[in-house]
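Accompanying notes for the structure given below.
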Amino acid sequence: DTGVSQDPRHKITKRGQNVTFRCDPISEHNRLYWYRQTLGQGPEFLTYFQNEAQLEKSRLLSDRFSAERPKGSFSTLEIQRTEQGDSAMYLCASSLTDRDTNYGYTFGSGTRLTVV
Amino acid sequence: GQNIDQPTEMTATEGAIVQINCTYQTSGFNGLFWYQQHAGEAPTFLSYNVLDGLEEKGRFSSFLSRSKGYSYLLLKELQMKDSASYLCALDNTDKLIFGTGTRLQVFP
Numbered sequence: 002d003t004g005v006s007q008d009p010r011h012k013i014t015k016r017g018q019n020v021t022f023r024c025d026p027i028s029e030h031n032r033l034y035w036y037r038q039t040l041g042q043g044p045e046f047l048t049y050f051q052n053e054a055q056l057e058k059s060r061l062l063s064d065r066f067s068a069e070r071p072k073g074s075f076s077t078l079e080i081q082r083t084e085q086g087d088s089a090m091y092l093c094a095s096s097l098t099d100r101d102t103n104y105g106y107t108f109g110s111g112t113r114l115t116v117v
Numbered sequence: 171g172q173n174i175d176q177p178t179e180m181t182a183t184e185g186a187i188v189q190i191n192c193t194y195q196t197s198g199f200n201g202l203f204w205y206q207q208h209a210g211e212a213p214t215f216l217s218y219n220v221l222d223g224l225e226e227k228g229r230f231s232s233f234l235s236r237s238k239g240y241s242y243l244l245l246k247e248l249q250m251k252d253s254a255s256y257l258c259a260l261d262n263t264d265k266l267i268f269g270t271g272t273r274l275q276v277f278p
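Residue numbers (our numbering), protein chains in the order written: chain A, 2 to 117; chain B, 171 to 278.
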């Protein structure tokens, strides 16, 4: 297993366009998380899945954002009608969680989005 | 919210010791993580504290005091490659809540 993979690494798009990012977690991990990180700040939680179920969404996830994990494996994050304020690093992480025990998070290298 | 605070930037000299503090305002969490993040890269795991006290791991140590709402990361024998951002994060099982991060610059 090569860890958590994210694609693409970089994306430049024009304002108003739609973009989609992909995350492939560690195969044994049942949870998958999306975070957004702007320059000089810590990552901010967006949403997470347990298997294919989306269990929590942050208020930061406006209706222009949608995330899916259809088969409980890879996930996609789509941003519709992008705005300049969406420019950020989008990080994916996965973990193995059993009831109340989380065995640690592994992060991907992120997708850097620039909206021009 | 958890209001997790860290100094924005710190500088130190190669070979020195530096302490990066993290304060928070919540009691409901499982443990506290410290991550290192080089520019443009993924955060990588450094330490995890569940109980109060000091956890030592090579050049890096992390301390937690739940009663004081306080943690720190101690880096000894600093090397140039330690120049990075250091993130503290609270683990509430469902997700990690990160602090603002501290950017550390190590000078020769």
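For every residue, glycine included, the Cβ atom is placed at its ideal position computed from N, Cα and C.
Which chain B residues are close to Gln-42 of chain A, counting only those with a beta carbon under 9 Å from its beta carbon?
-> One-based indexing of the first sequence puts residue 42 of chain A at position 41. By Cβ distance, chain B contributes Phe-268, Thr-270 and Gly-271.
Among B:Thr-272, B:Leu-245 and B:Ile-267, which has the Cα closest to the Cα of Tyr-194 of chain B?
-> As a first step, residue 194 of chain B must be located in the second sequence, where it is residue number 24. Per the Cα distances, B:Ile-267.
Bridge partner(s) assigned by DSSP for Met-180 of chain B = Along the second sequence, one-based indexing puts residue 180 of chain B at 10. Beta-bridge pairing links Met-180 of chain B to B:Leu-274.
Proximal residues to Arg-16 of chain A (C-beta, below 8 Å), its chain only, five neighbours per side dropped = Within the first sequence, numbered from 1, the residue matching residue 16 of chain A stands at position 15. If you ignore the 5 residues before and after Arg-16 of chain A, its C-beta comes within less than 8 Å of the C-beta of Thr-83, Glu-84, Gln-85, Val-116 and Val-117, all in its own chain and listed in chain order.
Do you know how far the Cα of Asn-19 of chain A is from the Cα of Ala-186 of chain B?
-> Residue numbering aside, residue 186 of chain B sits at position 16 when the second sequence is read from its first letter. Residue numbering aside, residue 19 of chain A sits at position 18 when the first sequence is read from its first letter. Near 48 Å, if we compare the C-alpha coordinates of Asn-19 of chain A and Ala-186 of chain B.
So who's on the other strand from Gly-201 of chain B, going by DSSP bridges?
-> Within the second sequence, residue 201 of chain B is the residue found at index 31, counting from 1. Note: Gly-201 of chain B sits in a beta bridge opposite B:Asp-261.
Return the residues of the segment 102-113 of chain A that lie within a Cβ-Cβ distance of less than 9 Å from chain B, sorted by chain order.
-> Thr-102, Asn-103, Gly-105, Tyr-106, Thr-107, Phe-108, Gly-109, Ser-110, Gly-111 and Arg-113
With a CB to CB cut of under 8 Å and the five nearest residues on each side skipped, what residues in its chain are close to Pro-9 of chain A?
-> Against the first sequence, residue 9 of chain A aligns to sequence position 8. Once the five neighbours on either side are set aside, the close Cβ partners of Pro-9 of chain A are Phe-22 and Thr-112.
Cβ contact (3+ pairs, closer than 8 Å) linking the segment 198-210 of chain B and the segment 249-264 of chain B | yes
Would DSSP call Lys-58 of chain A helix, strand or coil?
-> Along the first sequence, one-based indexing puts residue 58 of chain A at 57. Correct three-state label for Lys-58 of chain A: strand.
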